[in-house]
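Residue numbers (the working numbering), protein chains in the order written: chain R, 1291 to 1704; chain Z, 37 to 485. All remarks here apply to the structure that follows.
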Amino acid sequence: MTYRFTADGQKVSLLGYGAMRLATVDGKHANGWAAGSSAAQIDQELMNRQVKALLDGGVNYFDTSPAYCRGESERRLGEALTKSGYARKDYFIATKLSNFAPRQYPLDEAKKMFAESLKFLRTDYVDFYLLHAIGNGGFETFSKRYLENGALDWCCEQREKRVIRHLGFSFHGDPKAFEWCMENHDKYKWDFCQIQMNYVDWRHAKEVNERNLNAEHLYKTLTDLKIPVVIMEPLLGGRLARYNWALAHELKPRDPDASLARWAFRFCGTYPNVLTILSGMTRNSDITENLTTFSPLKPCGGEELTALENAAQALLSLNTIPCNNCNYCMPCPYGLDIPAILTFKNTLLANKTKMSAKESLSLYRKAIPNGLRRADRCTGCRRCNPHCPQQIDIPKEIAEIDRMIDGFKGEAFR
Amino acid sequence: MKASRLIVPFVALVFLSATTAAFLGVHKLAFVAGLQLFPAILAKAWVIFAAIAVITLLFGRFFCRAMCPLGILQSVANHIFHPKTAVRRVCTRLSETVTQRAVRWTVFAAAVLCIALGYGAWAGLLDPYAIYGRLLSLIPSSDGEAGPVRLNFAVVAVATFATIIVTAAAGKGRIWCNWICPAGTLFNLVARFSWRKDSVIRSCGNCRRCFPQTPAAAKATDNGVTRRDAIRTMATAVAAEKLTDGGFADVSLPGSPERKLSVLPPGAGKREDFFRKCIGCQLCVKNCPAHCLSASVTLTHFGQPEMDFRFGHCVLDCTRCSEVCPTGAIIRLAKDEKRTAHVGRAIWRKDLCIRTAEGVSCTACERKCPVGAIHVVENVPVVDADACLGCGACEHVCPARPMPAIAVEGLETQRWTAPSDGTAFIGPPNALDATLAKIASETRAELQI
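Okay, structure coming up:
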């Protein structure tokens, strides 16, 4: 296992565990996998074994949030870590202040959320604490969630008391929030920062959406200020790991044995200021595969980086929807399975040969078996949009997919 | 002798499998349904009718033995239970009691009357082919789209009746064919003059083993899931405040709105013509790829198809139901005619709409309308009545529960144009269109638009 160090000399594994895509007893993961979300129970037995295996393999960074997996993630992770047999000092816990709903804005609610995190995680301190998804919903929301209510100052106090060991933030959305944090670095002394980084977002995040910042820019700004970087979405919610003819065409000939996921991890690990790379490992095979990739991690050479840039361009030319299946948009108040609908379109685009209307329709019906959760049920209420960290205009995409489905029907029923 | 022994089972197998396949969604085989007796009469397909008559004059009740799906199924059932001593014959010379004869002729008279007076739905209850169709309706659709809620009383009652017929046949031979079936009575009449009647009669032998021990008082029972039950169990979706990620909000099927006139499949044309010709065999219901047809449970139209938009809506380019209809109740439409076919009109119900009731900015109906006939103006979905085809897309997607807030009303006479030659099928002005105009003007007055 490759390790990196924080400013205060803590040894952190380059592979981190993200507790957002926990396996459920029905074989999916709680935050949506290829076939969308699952409402089934999380498979605690399996998770305990997986966490133990990761600790055995040298992984010591575990990332969660009060919002993940319908609010189950912290409690489940707390149990798995306690039962692993490892001492508290052997691993780091990262969790977040996920006060997204307006009624959670007051400081008392934030204090309550933090206290619950400690309780669920069965600990009396948090190693890494993050302001969750700053910039989501614009600077105004950021200000309401952390500045006006004094939550950020309170977090700093907790850091003084060593209840929070490292304070940072995760960033999506409005660049103003990021810029504000950088300008006030002297005051708040960020210990780390979590950003979305992978070989697509490195130079093309802005292309995908005007309001995004390229990961290259974020990384360089943070490195200049000597703030270590934690990476989320190294695989774009699995889009850089699942079969995709554009990526396979570019990368497989170079190394037929390497999985697409390995390329993506190696890209992130190439950059020295990266502290850890988070991966939501749902299946046991993900864990074995990742441990092999990271023990030790082989950085990419210059030519390989060029190949990855070509792969990124090839992927973008497919015009897939930048949905990472994070499920922040869920639950949709009208019951739609948003991630499954968006993923469906990406699956269609991932194949080089075009599917027939009949096949596409059957794939769609299989991907979302309940007719009441499909694209045609969208009311266009737009309540999902503020939650999307990728700034996708969800109702617009869904309306387009629905039109596509109607087209398939017209053709298939002819 | 030997040839007929091979020919009859072979032809029977072909007909049974083809008819069954047609009901299970192989719509290209639906033409075999048109070769059945009742459909041939109702469709006025006299060539087919004459062919059946010739076959009967030559070989007696060949039709019953090798072409009628319900008849063949009875033989199959009997053969399974009595492989050695099978009683699979259909008789042309019956030794019957006065009561049995009375029953047979009463049923025959009833069937003739139903057809003559235009009660196609009731004629269908006596037609062996239509009964077989309802039996097959119990098999769920292969794409798993429409749930078991589709099995309403009209289907389950007749399917139960069919099960009784087949069960009785398994034990005692073709009781239905010899003692009840109106088509059988007609064939018997003709078969008395048939060329090869000797062979048929000899094979019968008048053994009386097929005689019922007790009269086959087959009465349909009600164990169906009615639409009302289905509605009663539905809950309304509740939009809760989002605190955590993932999971699902509850969803429920909407109810079927009360319609002044049911919406008929596109191609039905005039209501009375459709009701006269349709025997409710369910071939269109089973073949509708959009799953927007279901059997009516009203007494006068029992089992005849009507639109039900809970599982899907009519797709503009699709003419499947008119392609498969064996009786011509659904007039065969060309693609361009179908695209212009008006089968109903959407009516918005203010009190149910979530825009007015809950203040949600929903645009589902406007977005979904395939002809752009719905415009949300100042918070009010306005239906352009001239443009609206009645496809039910808006009703299908409306999120209001327990009833959709926009619902389609059927028309007295459907209309469509063939853009190629400009001819139109336009009926006389009718009462319903006046009702609709009244509702629309009332709504407008109420909303001051």
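Backbone N, C-alpha and C define an ideal beta-carbon position, used for all residues, glycine too.
Residue i versus residue j - alpha carbon distance
{"i": "R/N1487", "j": "R/N1350", "result": "For the record, residue 1487 of chain R in the displayed sequence is Met; it is not Asn. The straight-line gap from Cα to Cα measures roughly 21 Å."}
{"i": "R/A1601", "j": "R/H1677", "result": "29 Å"}
{"i": "Z/A58", "j": "Z/Y168", "result": "12 Å"}
{"i": "R/E1335", "j": "R/T1372", "result": "13 Å"}
{"i": "Z/V191", "j": "Z/P435", "result": "28 Å"}
{"i": "Z/F144", "j": "Z/C150", "result": "10 Å"}
{"i": "Z/W212", "j": "Z/S292", "result": "36 Å"}
{"i": "Z/I88", "j": "Z/P440", "result": "48 Å"}
{"i": "R/R1452", "j": "R/D1696", "result": "58 Å"}
{"i": "Z/N188", "j": "R/L1420", "result": "56 Å"}
{"i": "R/K1386", "j": "Z/C424", "result": "52 Å"}
{"i": "R/L1653", "j": "Z/R451", "result": "36 Å"}
{"i": "R/V1315", "j": "Z/L388", "result": "39 Å"}
{"i": "R/D1666", "j": "Z/K306", "result": "32 Å"}
{"i": "Z/N114", "j": "Z/T221", "result": "21 Å"}
{"i": "R/F1584", "j": "R/M1291", "result": "6 Å"}
{"i": "Z/Q340", "j": "Z/P176", "result": "18 Å"}
{"i": "R/C1613", "j": "R/K1648", "result": "25 Å"}
{"i": "Z/C354", "j": "Z/K313", "result": "22 Å"}
{"i": "R/N1534", "j": "Z/G61", "result": "34 Å"}
{"i": "Z/G395", "j": "Z/L289", "result": "22 Å"}
{"i": "Z/F99", "j": "Z/I91", "result": "8 Å"}
{"i": "R/L1626", "j": "R/I1688", "result": "10 Å"}
{"i": "Z/W231", "j": "Z/V148", "result": "27 Å"}
Backbone secondary structure at residue i - three-state DSSP
{"i": "Z/K279", "result": "The sequence given here places Leu at residue 279 of chain Z; Lys does not occur at that position. It is coil, neither helix nor strand."}
{"i": "R/L1638", "result": "helix"}
{"i": "Z/A182", "result": "coil"}
{"i": "R/M1694", "result": "helix"}
{"i": "R/Y1654", "result": "helix"}
{"i": "Z/H432", "result": "helix"}
{"i": "R/K1686", "result": "helix"}
{"i": "R/E1701", "result": "helix"}
{"i": "R/I1611", "result": "coil"}
{"i": "Z/S177", "result": "coil"}
{"i": "R/T1292", "result": "coil"}
{"i": "Z/H378", "result": "strand"}
{"i": "R/H1422", "result": "strand"}
{"i": "Z/S397", "result": "coil"}
{"i": "Z/G339", "result": "coil"}
{"i": "R/S1569", "result": "strand"}
{"i": "Z/F46", "result": "helix"}
{"i": "R/K1409", "result": "helix"}
{"i": "R/H1462", "result": "coil"}
{"i": "Z/T363", "result": "coil"}
{"i": "R/S1303", "result": "strand"}
Whole-angstrom C-beta distance between residue j and residue i, which should lie under 8 Å
{"i": "Z/L106", "j": "Z/Y165", "result": "7 Å"}
{"i": "Z/R385", "j": "Z/A443", "result": "7 Å"}
{"i": "R/H1456", "j": "R/D1514", "result": "The Cβ separation is near 19 Å, so there is no contact."}
{"i": "R/L1639", "j": "R/L1595", "result": "About 25 Å; that fails the 8 Å criterion."}
{"i": "Z/P406", "j": "Z/L447", "result": "Not a contact, Cβ separation roughly 18 Å."}
{"i": "Z/N421", "j": "Z/R381", "result": "Residue 421 of chain Z is actually Ala in this sequence, not Asn. Going by Cβ atoms, the distance from Z/A421 to Z/R381 rounds to 6 Å, so yes, they are a contact pair."}
{"i": "Z/V321", "j": "Z/S173", "result": "7 Å"}
{"i": "Z/P362", "j": "Z/G70", "result": "4 Å"}
{"i": "R/A1630", "j": "R/I1611", "result": "About 12 Å separates the two Cβ atoms, so there is no contact after all."}
{"i": "R/A1467", "j": "R/I1485", "result": "Not a contact, Cβ separation roughly 12 Å."}
Residue i CB to nearest heavy atom of the ligand ADP below 6 Å
{"i": "R/E1523", "result": "This structure does not include the ligand ADP; it has no bound ligands of any sort."}
Notebook entry, point to check: Going along the chain, which residues of the segment 398–410 of chain Z sit with their C-beta nearer than 8 Å to a C-beta in chain R?
Noted result: C398, T399, A400, R403, K404, P406
Notebook entry, point to check: Per the contact definition of three or more C-beta pairs closer than 8 Å, is the segment 1302–1315 of chain R in contact with the segment 1558–1571 of chain R?
Noted result: yes
Margin query: By the 9 Å beta-carbon criterion, what residues does the segment 1660–1673 of chain R contribute toward chain Z?
Written below: N1660, G1661, L1662, R1663, D1666, R1667, C1668, T1669, G1670, C1671, R1672, R1673
Check: Do the segment 1546–1558 of chain R and the segment 1579–1588 of chain R make contact, defined as three or more Cβ pairs closer than 8 Å?
Finding: yes
Check: Are at least three pairs of beta-carbons, each pair with one atom in the segment 1555–1566 of chain R and one in the segment 1504–1524 of chain R, less than 8 Å apart?
Finding: yes
Next item on the list: Count the CB pairs spanning the segment 344–358 of chain Z and the segment 315–331 of chain Z that are closer than 8 Å, and state whether there are at least three.
Entry: yes
Note to self: Three Cβ pairs or more, each shorter than 8 Å: is that satisfied between the segment 1458–1468 of chain R and the segment 1491–1500 of chain R?
What the structure shows: no
Next item on the list: Would you be able to state if there are at least three C-beta pairs under 8 Å between the segment 312–320 of chain Z and the segment 392–400 of chain Z?
Entry: no
Margin query: Measuring CB atoms only, is the segment 1614–1623 of chain R touching the segment 277–284 of chain Z, in the sense that at least three cross pairs come out at less than 8 Å?
Written below: yes
Check: At a Cβ cut of 8 Å, what residues of the segment 275–300 of chain Z count as close to chain R, listed as they run along the chain?
Finding: A275, A276, E277, K278, L279, T280, D281, G282, G283, F284, A285, D286, V287, S288, L289
Check: In the segment 1389–1407 of chain R, which residues sit with their C-beta less than 8 Å from some C-beta in chain Z, listed in chain order?
Finding: F1390, A1391, R1393, Q1394
Notebook entry, point to check: Just by C-beta distance, which residues in the segment 317–338 of chain Z are closer than 8 Å to chain R?
Noted result: P325, A326
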